[in-house]
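A.B. asks: Residues in the sequence shown are numbered consecutively from 1, following the UniProt record's numbering.
Glycine included, C-beta positions come from ideal geometry on N, C-alpha and C.
Okay, handing you the structure first.
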Amino acid sequence: MSHGKVTEIDNQVIFKALTSSGPVVVDFFATWCGPCKAVAPVVGKLSEQYQNVRFIQVDVDKLQSVARELGVNAMPTFVVFKDGKEVNRVVGGDMKKLEAQIKEISA
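Laid out in structure tokens, this is it:
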């Protein structure tokens, strides 16, 4: 389901490593989620536009432990990290809000 420069992660250790430094956007999705499929191409475009930000996708059915740990219970949910700390999140497909948050962490 990846688009653009988005990496799908299905391992908790790799997830922790990739979110530990720099600006990161994590897209929590499910294969059965219609809105997730609808926003995926937009997320792909954002990943190409903001190349200094790492974009990661997590299938909540494959990596339930991470979704649970971060309190993700609706899809899509975008969790924004900066240097290993959650700084923001967008629940749902509000791409304008997500892009505003990406601009903040990429500056």
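Beta-carbon within less than 6 Å of Thr-19's beta-carbon, same chain only, minus the 5 sequence neighbours each way: which residues are those?
C.D. replies: These residues qualify, in order along the chain: Phe-81.
A.B. asks: Please list the terminal residues of the continuous alpha helix (DSSP H) segment that includes Lys-16.
C.D. replies: Element bounds for Lys-16: 12 to 19.
A.B. asks: Could you tell me which of Thr-7, Val-6, Thr-31, Pro-35 sits nearest to Met-95, measuring between CA atoms?
C.D. replies: Nearest C-alpha to Met-95: Pro-35.
A.B. asks: For Val-6, does the three-state DSSP call read helix, strand or coil?
C.D. replies: Note: Val-6 maps to strand in three-state DSSP.
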